[in-house]
Amino acid sequence: DTAVSQTPKYLVTQMGNDKSIKCEQNLGHDTMYWYKQDSKKFLKIMFSYNNKELIINETVPNRFSPKSPDKAHLNLHINSLELGDSAVYFCASSMRGGSTTEAFFGQGTRLTVV
Amino acid sequence: QQQVKQSPQSLIVQKGGISIINCAYENTAFDYFPWYQQFPGKGPALLIAIRPDVSEKKEGRFTISFNKSAKQFSLHIMDSQPGDSATYFCAASHQAGTALIFGKGTTLSVSS
């Protein structure tokens, strides 16, 4: 079973469109994240949710909106897509302050805006 | 302001050699320092991690050395193998299980 799964794996879309990326974890973790990896492989935190509540919202355009319907799911909706949004988006999960501290990452969603 | 600085950006090592990647951090509130390994097309995966109350941690061929006073930590890969060729990221967080601040990554190539 995949611990953290994201869909879709690839997403090609035109500028101005709205798209969503879905993430699910089956590890029983209480904290989920979205990270963005740019073309130079730099990984940066975008959002962090703990028990369905937003606890980190880094400097991210408000066109990006995370939604957490329950502790096992964290979706990312992006409005009015721009060329600069092209990147790989990773979902991750962890147990905050737990004895097992590892953050597990999904396989990523490669978003290409044309 | 980059909170975790990583070097070198790329590294080429011969099979059997030692690979060394260095990181420095600024925020003394960080108390969890993991290293992640990423293969092309895959998500990062935890390799090894350390907390600041320990100066060294070893797991198999991988060792983290931690210098709290210098605010530096490094990854040593002994007997490097072609299968170790990947991108390595150091990271830090304020509390284990919370958001990670990553270094910019090191692309390691191990030649056979």
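Protein sequence lines correspond, in order, to chains D and B. Each residue of the first sequence is one higher than the one before, starting from 53 at the first, in my numbering. Each residue of the second sequence is one higher than the one before, starting from 15 at the first, in my numbering. Built from N, CA and C at the ideal position, the CB exists for glycine as well.
Bridge partners - residue i, DSSP secondary structure assignment
i, result
"alanine 105/B", "Phe116/B"
"methionine 84/D", "Tyr101/D and Ser145/D"
"alanine 139/D", "Leu163/D"
"threonine 121/B", "Ser24/B and Thr101/B"
"alanine 38/B", "Lys19/B and Gln86/B"
"threonine 65/D", "Val165/D"
"proline 48/B", "Ala63/B"
"valine 56/D", "Gln77/D"
"glutamate 70/B", "Ser79/B"
"serine 72/D", "His129/D"
Terminal residues of the beta strand (DSSP E) in which residue i lies
i, result
"proline 118/D", "116-122"
"valine 166/D", "It is not in any beta strand (DSSP E) - valine 166/D carries neither H nor E in the DSSP assignment."
"lysine 56/B", "Per DSSP, lysine 56/B belongs to no beta strand (DSSP E) and is neither H nor E."
"threonine 77/B", "76-81"
"leucine 89/B", "86-91"
"isoleucine 130/D", "125-130"
6 Å Cβ shell around residue i - same chain, five flanking residues per side excluded
i, result
"serine 146/D", "His81, Thr83 and Ala155"
"threonine 164/D", "Val64 and Ser138"
"serine 69/B", "Phe80"
"glutamine 86/B", "Ala38"
"alanine 55/D", "Leu79 and Phe156"
Same chain only: Cβ atoms within 8 Å of residue i, ignoring 5 sequence neighbours per side
i, result
"serine 72/D", "Asn127, Leu128, His129 and Ile130"
Same chain only: Cβ atoms within 7 Å of residue i, ignoring 5 sequence neighbours per side
i, result
"asparagine 69/D", "Leu133"
"aspartate 45/B", "Arg65, Pro66, His108 and Gln109"
Neighbouring residues, chain B, relative to residue i (Cβ below 9 Å)
i, result
"isoleucine 97/D", "Ala113, Leu114, Ile115 and Phe116"
"serine 100/D", "Thr112 and Ala113"
"isoleucine 108/D", "Thr112 and Ala113"
"glutamate 76/D", "Here the premise fails: no neighbours, minimum Cβ distance about 14 Å."
Within chain D, partners of residue i - CB distance below 7 Å
i, result
"glycine 57/B", "Phe142, Phe157, Gly158, Gln159 and Gly160"
"glycine 74/B", "Chain D residues near glycine 74/B: none, gap ~16 Å exceeds 7 Å."
Contact set between residue i and chain D, taken where Cβ atoms lie within less than 8 Å
i, result
"phenylalanine 103/B", "Leu95"
Under 7 Å from the C-beta of residue i: neighbouring residues of chain B
i, result
"glutamate 154/D", "Leu60"
"tyrosine 85/D", "Ala113"
Taking one C-beta from the stretch 82-98 of chain D and one from the stretch 108-117 of chain B each time, how about it: are there three or more such pairs within less than 8 Å?
yes
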